[in-house]
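A.B. asks: Positions -1 to 262 (my numbering) are the ones given, in order, by the sequence shown.
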Amino acid sequence: MLEELLTAGIAAASAGLVYIGAAARIVKQYERGVVLRFGRLAGDVRPPGFTLVVPLVDRLHKVNMQIVTLPVPAQEGITRDNVTVRVDAVVYFKVIDAANALIEVEDYKFAVSQMAQTSLRSIIGKSDLDDLLSNREKLNQGLELMIDSPAIGWGVQIDRVEIKDVSLPETMKRSMARQAEADRERRARIINADAELQASKKLAEAAEVMSEQPAALQLRLLQTVVAVAAEKNSTLVLPFPVELLRFLERAQAQQPPPPGGSPG
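In structure tokens, the structure reads:
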């Protein structure tokens, strides 16, 4: 009798171990478990850790809850100002409802990828080239809203969307380079003209001061001669003051005519 009880106990324990081995499941910390019983959702989402399911009846699906980095293939489109560009982006998203992510959509990663590509082409058509190049933060926010609206129903939350690169045709790159060069040349000419204006004002003020004191012009001439002589040049060009010519002309005009001579 004792042996029979022992045998029955061992058999029951073995059956229990086999059952536990078949029913035991481990859900990792970054996962959530969704149980389908005869194809229908059974109970709540299973938390991380050890859990049991009914063998041959329940099927446990593990859903990753980590943030997923999804690159969006480059999309070619025409901007609002009729420029052909290729734009690629990257989407960061995560699952917030494991049951909806498994039941409401067949493949949530593929669905988010297709929605991101469609939204990116739409953003290209609604934007100007200058916005794509310099106002990306606003475009990122608009792209995130366009993707996030349908994704919420799938149990997915869009964390961030970033436009990575904007590829332009070579002709457009050359045109932009010429435009930038012309703009820099325009600014250089404006700065040069402004410098000439300021210099002319200072020279006019200096000329006014020197006109009151003619000796100042001679001192300035001597300073110029000293500066040129310091260069050790073999040839020295000395300017002749115009005031001296005028002085000679006035002196000649004031001389009396010679006696007995005719004024012609």
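For glycine and all other residues, C-beta sits at the position ideal for the given N, C-alpha and C. Please read all numbers here as calculations on a predicted model, not as lab measurements.
Who pairs with F108 in a beta bridge, going by DSSP?
C.D. replies: Note: F108 sits in no beta bridge, so no partner.
A.B. asks: What does DSSP give as the partner residues of P69 in its beta bridges?
C.D. replies: In the DSSP output, where bridge partners are listed per residue, P69 has V88.
A.B. asks: Among K162, E102, Q115, which has the Cα closest to the Cα of L39?
C.D. replies: Out of K162, E102, Q115, E102 has the C-alpha closest to the C-alpha of L39.
A.B. asks: State yes or no: is the C-beta of E104 within less than 8 Å of the C-beta of K60?
C.D. replies: No. Outside cutoff.
A.B. asks: Of the residues V32, E2, T67, which one's Cα is nearest the Cα of G56?
C.D. replies: In the sequence as presented, Gly is not what sits at residue 56; that position holds Asp. Ranking V32, E2, T67 by Cα distance to D56 puts V32 first.
A.B. asks: Would you identify the three-state DSSP class for T77, choosing helix, strand or coil?
C.D. replies: Note: T77 maps to coil in three-state DSSP.
A.B. asks: To which residues of the same chain is R248 closer than 6 Å at the C-beta, ignoring the five residues directly before and after it?
C.D. replies: None.
A.B. asks: Considering only the beta carbon of each residue, do E142 and R158 sit closer than 8 Å?
C.D. replies: A contact, by the Cβ cut-off of 8 Å.
A.B. asks: Mind listing, in chain order, the continuous alpha helix (DSSP H) runs of no fewer than 4 residues lying wholly within the region 165 to 233?
C.D. replies: Here the runs fully enclosed are 168 to 210, 212 to 227.
A.B. asks: Just to confirm before moving on: does the CB-CB distance between G153 and D86 stay below 8 Å?
C.D. replies: Taking 8 Å as the Cβ cut-off, G153 and D86 do not qualify as a contacting pair.
A.B. asks: Among R78, V93, G151, which has the Cα closest to the Cα of L264?
C.D. replies: For residue 264 there is no data in the structure shown, the boundaries of the chain being -1 and 262.
A.B. asks: The beta strand (DSSP E) spanning K60 covers which residue range?
C.D. replies: 56 to 62 is the extent of the beta strand (DSSP E) around K60.
A.B. asks: Between the alpha carbons of Y90 and L58, how many angstroms are there, rounded?
C.D. replies: Rounded to the nearest angstrom, the two C-alpha atoms are 26 Å apart.
A.B. asks: Which residue marks the beginning of the alpha helix (DSSP H) containing A96, and which one marks its end?
C.D. replies: Taken as a continuous stretch (DSSP letters only), the alpha helix (DSSP H) holding A96 covers 96 to 101.
A.B. asks: Going by Cα to Cα distance, which pick from A97, L3, L131, E74 is closest to G123?
C.D. replies: When each option's Cα is compared against that of G123, the closest is E74.
A.B. asks: Would A9 and P53 be called neighbours here (beta carbons separated by less than 8 Å)?
C.D. replies: Not closer than 8 Å, so no.
A.B. asks: What are the boundary residues of the beta strand (DSSP E) that I24 is part of?
C.D. replies: I24 -> beta strand (DSSP E) spans 22 to 25.
A.B. asks: Verify whether the separation of the beta carbon atoms of I156 and I145 is less than 8 Å.
C.D. replies: Contact: yes.
A.B. asks: Just to confirm my understanding: we take R343, look at its own chain, exclude 5 residues before and 5 after, and list those with CB closer than 7 Å. What are they?
C.D. replies: Nothing about residue 343 can be read from this structure; the chain reaches only from -1 to 262.
A.B. asks: Do A97 and L68 count as a contact pair if the criterion is CB distance below 8 Å?
C.D. replies: Cβ atoms of L68 and A97: not closer than 8 Å.
A.B. asks: Quick one: what does DSSP say G47 is sitting in, helix, strand or coil?
C.D. replies: Correct three-state label for G47: strand.
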